Amino acid sequence: MLLAEISMWPMDKGQSVSPYVARVLDIIDRSGLPYRLGPLGTSIEGEWDEVMAVVKQCFDALAADSERVAITMKCDWRKGRSGSLEGKIASVEQQLGRKLRT
Numbered sequence: 050m051l052l053a054e055i056s057m058w059p060m061d062k063g064q065s066v067s068p069y070v071a072r073v074l075d076i077i078d079r080s081g082l083p084y085r086l087g088p089l090g091t092s093i094e095g096e097w098d099e100v101m102a103v104v105k106q107c108f109d110a111l112a113a114d115s116e117r118v119a120i121t122m123k124c125d126w127r128k129g130r131s132g133s134l135e136g137k138i139a140s141v142e143q144q145l146g147r148k149l150r151t
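Residues 50 to 151 in our numbering are what the sequence shown lists, from first letter to last.
Structure (structure tokens):
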């Protein structure tokens, strides 16, 4: 199972890119894969090919009317393991002995 955090935006649309980020988030949301939106990126969990297909759809949606697209991506693949989107946070909270403000 793959846990990926992506951030993707057009670099040629000025200072406010929220309409383009919303376009990417709509694709992620419609994918049906578990995800969590953060202020600087979105984490997605699924099989490798599923996640990469969503990343490609996001890129294609921005590249359709952009001259330059920036992408940052971090991935953690673990064989036979799912639930990392929630599990990694729960593990840290267990170590702390308290819930984090998420």
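Yeah, the Cβ is synthetic: ideal placement off N, Cα and C, and Gly gets one too. No experiment lies behind these values; they were computed from the predicted model shown.
- When Cβ pairs closer than 8 Å are counted between the two stretches, the stretch 131-139 is seen not to touch the stretch 64-76, the count staying below three.
- E116 and M50 have their alpha carbons spaced roughly 33 Å apart.
- Here the C-alpha atom of M122 lies approximately 16 Å from the C-alpha atom of E96.
- Here L111 is actually not in contact with P68; their C-beta atoms are around 11 Å apart, not less than 8 Å.
- Inside the stretch 66-117, DSSP marks whole beta strand (DSSP E) runs of 3 or more residues at positions 84-86 and 91-95, from first to last along the chain.
- Assigned with DSSP and collapsed to three states, S133 falls in helix.
- A direct Cα-Cα distance of roughly 21 Å separates A113 from G90.
- Residue nearest to G81 within the set V66, S131 and I93 is I93 (criterion: CA-CA distance).
- For L149, the secondary structure class from DSSP, reduced to helix, strand or coil, is coil.
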